[in-house]
Amino acid sequence: MTGVDDPRTAELSQHLATVHERLAAAVAAAGRRPDDVELLVVTKFFPADDVARLISLGERAFGESREPEASRKIAALRAGDASGPIAAGDVSFDMIGSVQTKKARSVARWARSVHSVDREKLVEHLARAADAARAEGARTEPLGVNLQVSLDGDPTRGGALESELPALADRVMASDSLRLSGLMVIAPVDGSADRWMARAQLVHQAFVAHYPQATTLSAGMSGDLEAAVAHGSTCVRVGTAILGQRPLVSQ
Ligand SMILES: *Cc1c(COP(=O)(O)O)cnc(C)c1O
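In structure tokens, the structure reads:
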């Protein structure tokens, strides 16, 4: 299924090559080093078989945005339904979508990091959930937390205001089971991506001055990864350019 004769594997391989080229060009144009920027392949809406194909093509870091879709997919992969058993340490999955507090427990069992943390109540639920996941042996490392910041104050895409970040960061740091790793942004569709990413970079620089461990800037998707890399992104989240159009289902 994952071999070179499989048409879907060939298609994914071609798309991946294009995205890796775009990323390499953006990194070079910005005078940055290739391993400064992680590629997170966003596999939401696509089946475990596609994740297995991407693993066979060398990808190791994935982003998911919905529960219970993510839990089911990862369980299938780990059990070997899709591709043979996958060692837990080899492949990581990040939660990039908004998290309902009642889903914190399941997310803390599989996620390396959560990119979309934007309110204190969610931090509290994730801290308790990560404590529980460690006690159960479902995870060993602390759960990484990126605080999602809203660049334009419009709440529909989620994200905290810049002024709310310190209180959230302090709350994350108060938990041994959470690790403050950085910030995440989704650029508003209006206006130039370059301008929004420049703004994201300024917000991140000010944040890192107070929280030096928060080195991650999760920014950039299929349409704006070049602008994000030009402005200091350390993690691009790319779905459509690799997997193709998602079905039009509301979130
Ligand atoms: C779906 C999603 C992505 C991927 O977007 P594409 O435009 O398909 O690359 C990135 N970030 C978040 C938060 C998402 O929900």
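One point on numbering: in my numbering, the residue at position 121 of the sequence shown is 137, and numbering is uninterrupted.
Heads up, the beta-carbon is just placed ideally off N, CA and C, and yes, glycines get one too.
Residue burial classification, residue i (beta-carbon count within 10 angstroms, cutoff 16)
i: Gly169; result: exposed
i: Ser208; result: exposed
i: Arg253; result: buried
i: Val53; result: buried
i: Thr250; result: buried
i: Asp106; result: exposed
i: Arg155; result: buried
i: Val262; result: With the sequence shown as reference, residue 262 is identified as Arg, and Val is not the correct amino acid for it. The residue in question, Arg262, is exposed, as its Cβ has fewer than 16 Cβ neighbours within 10 Å.
i: Ser266; result: Because the pLDDT of Ser266 is 49, which lies under 50, any placement of that residue in the model is unreliable, and the number read from its coordinates should be weighed accordingly. The residue is exposed, with fewer than 16 neighbouring Cβ atoms inside 10 Å.
i: Lys89; result: buried
i: Ala33; result: exposed
i: Leu218; result: exposed
i: Asp206; result: exposed
i: Asp65; result: buried
i: Ala183; result: exposed
i: Gly236; result: buried
i: Ala86; result: buried
i: Gly280; result: The question about residue 280 has no answer here: the residues shown for the chain are numbered 17 through 267.
i: Ser248; result: First, the amino acid is wrong: residue 248 is Gly here, not Ser. Classification of Gly248: buried, given that the 10 Å Cβ count is 16 or more.
i: Ala95; result: exposed
i: Asp240; result: buried
i: Ala306; result: Here the chain comprises residues numbered 17 to 267, so residue 306 is not present and cannot be evaluated.
i: Ala222; result: exposed
Contact set for residue i: own chain, Cβ-Cβ below 6 Å, skip 5 residues either direction
i: Gly175; result: Asp134, Gln164, Val165, Ser166
i: Ala46; result: Val245, Ala246
i: Val224; result: Ala230
i: Gly79; result: Leu56, Val58, Asp110, Ile112, Arg253
i: His220; result: Leu199, Leu233
i: Arg76; result: Val107
i: Arg38; result: none
i: Pro84; result: none
i: Ala243; result: Ala209, Asp210, Met213
i: Ser281; result: As shown, the chain starts at 17 and ends at 267. That puts residue 281 outside it, with no answer to give.
i: Ile202; result: Arg173
i: Leu259; result: Phe62
i: Ser81; result: Lys60, Ile112, Gly113
Identity of the residues DSSP links to residue i by a beta bridge
i: Leu78; result: The sequence shown places Phe at residue 78, rather than the Leu named in the question. Paired residues: Val57, Phe109.
i: Thr156; result: Per DSSP, none; premise fails for Thr156.
i: Gln30; result: Looking at the DSSP assignment, Gln30 forms no beta bridge with any residue, so it has no partner.
i: Gly198; result: Asn162, Thr232
i: Ser238; result: Paired residue(s): none; Ser238 is not in a bridge.
i: Ala176; result: Val165
i: Ser129; result: Gly160
i: Arg215; result: The partner list for Arg215 (beta bridge, DSSP) is empty, contrary to what the question assumes.
i: Val252; result: Leu55
Same chain only: Cβ atoms within 7 Å of residue i, ignoring 5 sequence neighbours per side
i: Ala40; result: Pro50
i: Ser193; result: Ala143, Ala146, Asp147, Arg150, Pro158, Leu159
i: Leu196; result: Val161, Ala185, Val188, Met189, Tyr227, Gln229, Ala230
Any non-hydrogen atom of ligand 2 within 7 Å of residue i CB
i: Ile90; result: No copy of ligand 2 appears in this structure; the ligands present are ligand 1.
Sequence-distant residues of its chain with Cβ nearer than 8 Å to residue i (five each side left out)
i: Pro204; result: Leu167, Asp168, Asp170, Arg173, Trp212
i: Arg215; result: Leu167
inquiry  = Taking 8 Å as the cut-off, does the region 22-31 touch the region 67-82 (at least 3 CB pairs, one atom from each stretch)?
reply    = yes
task = Could you tell me whether the region 105-122 touches the region 175-190, using the rule of 3 or more Cβ pairs below 8 Å?
result = no
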